[in-house]
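Numbering (full-length UniProt numbering), first residue to last: 1 to 76.
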Amino acid sequence: MVIAYVMVKAHTGDADRLKADIEAVDGVAEAHIVAGDVDFIAKVNVETPAEVKDVAATHIQEIQGVETTQTYIAMD
Numbered sequence: 001m002v003i004a005y006v007m008v009k010a011h012t013g014d015a016d017r018l019k020a021d022i023e024a025v026d027g028v029a030e031a032h033i034v035a036g037d038v039d040f041i042a043k044v045n046v047e048t049p050a051e052v053k054d055v056a057a058t059h060i061q062e063i064q065g066v067e068t069t070q071t072y073i074a075m076d
């Protein structure tokens, strides 16, 4: 099991819709609206690092309103 955290910066004020869209992506275990440099943090649980890339770079970044993402893979 690979656990990763995806930091999501959005350029829209529709936080509830974006959170629901992020949570609907296969592999996303949970998502939270946060204060700070990013707008959301999504926890990803998948089987391989390649799946992390697919979730973050393909599916989350495709969501309308998502500006950028940064992904961190847990090492423990």
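Glycine residues also receive a C-beta, built at the ideal position from the N, C-alpha and C atoms. All values reported here derive from a predicted model rather than from experimental measurement.
ask   = Taking C-alpha atoms, which residue in I60, V28 and G13 lies nearest to E47?
value = V28
ask   = Do you know how far the Cα of K43 is from the Cα of D76?
value = 14 Å
ask   = If you follow the alpha helix (DSSP H) that E67 is part of, which residue opens it and which one closes it?
value = Where E67 is concerned, there is no enclosing alpha helix (DSSP H), although the beta strand (DSSP E) it sits in stretches over V66 to I73.
ask   = When we look at the beta-carbon of D14 and count the other beta-carbons within 10 Å, is it buried (16 or more) or exposed?
value = exposed
query = What are the boundary residues of the alpha helix (DSSP H) that E23 is part of?
reply = A15 to E23
task = Label K26 either buried or exposed according to how many other C-beta atoms from any shown protein chain fall within 10 Å of its C-beta, with 16 as the threshold for buried.
result = Correcting the residue identity first, residue 26 is Asp in this sequence and not Lys. Counting Cβ neighbours within 10 Å, D26 comes out exposed, since fewer than 16 surround it.
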